[in-house]
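Numbering (the numbering used here), first residue to last: 5 to 298.
Idealized CB from N, CA, C, for every residue including glycine.
Take a look at the structure set out below.
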């Protein structure tokens, strides 16, 4: 049986690897990017590029998006030039952007009116997980449609869980980001403490990453902090966006999140100091600024 044709919008740090993994799994891939140059590598590998969203949506069985901000999601999904106006009945749309749970529900409701299946499916795992096809994918949508679409998710990730109906994937991602936010402060402070105590922080990591303190951030971003590698696996500016969505969602649920708010405050200050396009491990640089000013 021929595999469905996938239209993909969003070839950034993670999206490019995700699209490549879909191609390697045998899915015919079609792309839309604002500038063709961003898609050059994938086009060379066999992807087809479209000049606009309407033509891409009309020619695709499944449309996947992973863009920057909720406003970008709204732009690509709504209006006469958007995905929902141009995708065919029976097609599937999957937004893998970390976005608002309320927006995910709106997309699902409008999609249902047009007989289009919709999923919100944000991911976790950073550039490494995207490149290796080992992302965690948190899905909101219908069970029957999920069973049909699951092989597509399996081409990009290995921990794939249907959390509930529309919006459930985004709510799960908010839980993920809340856990990471406070954790990043802990990782940074642990490394700085080890250095100040005269220890080799890489040797310290060999002990603590396999104990109760172990986490993905400690094992994957701790070494980057130590090496002074602040290249983005996940941008500071996008993490700030995620934390703001999480804070707003928590307020609607009447949940106190002081750790999340403190982490966002620190990342806001890091961004103001010029670090918005660094990876999230650049929080280490902010702590260094604090030390210098003390």
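Leaving aside the five residues that flank residue 81 on each side, the residues in its chain whose CB is nearer than 6 Å to its CB run, in chain order, 87, 88 and 111.
Our two residues, residue 234 and residue 116, have alpha carbons roughly 42 Å apart in a direct line. For residue 247, the uninterrupted alpha helix (DSSP H) run begins and ends at 240–256, by DSSP. Look at residue 294 here: in three-state DSSP terms it is helix. For residue 70, there is no enclosing alpha helix (DSSP H), as DSSP marks it with neither H nor E. Counted as a single uninterrupted DSSP element, the alpha helix (DSSP H) harbouring residue 150 occupies residues 147–158. Shortest Cα-Cα distance from residue 219 to any of 253, 238, 259 and 183 involves 183.
When the alpha-carbon of residue 181 is set against those of 249, 16, 289 and 144, the nearest one is in 249.
Residue 266 is not a Cβ neighbour of residue 287, given a cutoff of 8 Å. When DSSP states are grouped into helix, strand and coil, residue 281 belongs to the coil group.
With a cut-off of 8 Å on Cβ pairs, the region 50–65 is not in contact with the region 117–133, counting fewer than three such pairs.
Rounded to whole angstroms, residue 11 and residue 91 show a C-alpha spacing of 10 Å. Non-local beta-carbon contacts of residue 208 in its own chain, meaning distances under 7 Å to residues more than five positions away in sequence, involve 198 in chain order. Contact check for residue 97 against residue 57 fails: the beta carbons are separated by 8 Å or more. Using a Cβ distance threshold of 8 Å, residue 128 and residue 139 count as a contacting pair.
Rounded to whole angstroms, residue 18 and residue 191 show a C-alpha spacing of 23 Å. Sorting 48, 124 and 100 by C-alpha distance to the C-alpha of residue 14 places 100 at the top. In the DSSP assignment, residue 161 falls within the beta strand (DSSP E) that extends over 161–168.
Residues of the same chain with a CB within less than 7 Å of the CB of residue 132, apart from the 5 flanking positions on each side, are 224 and 237 in chain order.
Distance from the CA of residue 201 to the CA of residue 231, rounded to the nearest whole angstrom, comes to 18 Å. Here the alpha carbon of residue 125 sits roughly 6 Å from the alpha carbon of residue 141. For residue 132, no beta strand (DSSP E) encloses it; the enclosing alpha helix (DSSP H) starts and ends at 130–136.
Residue 96: member of the beta strand (DSSP E) spanning 96–99, first to last residue. Between residue 251 and residue 261, the beta carbon gap of about 6 Å places them in contact (Cβ cut-off 8 Å). Residue pairing of residue 12 in beta bridges, as defined by DSSP: 35 and 68. Residue 139: member of the beta strand (DSSP E) spanning 139–144, first to last residue.
In the DSSP annotation of this structure, the continuous segment of the alpha helix (DSSP H) that includes residue 185 starts and ends at 172–200.
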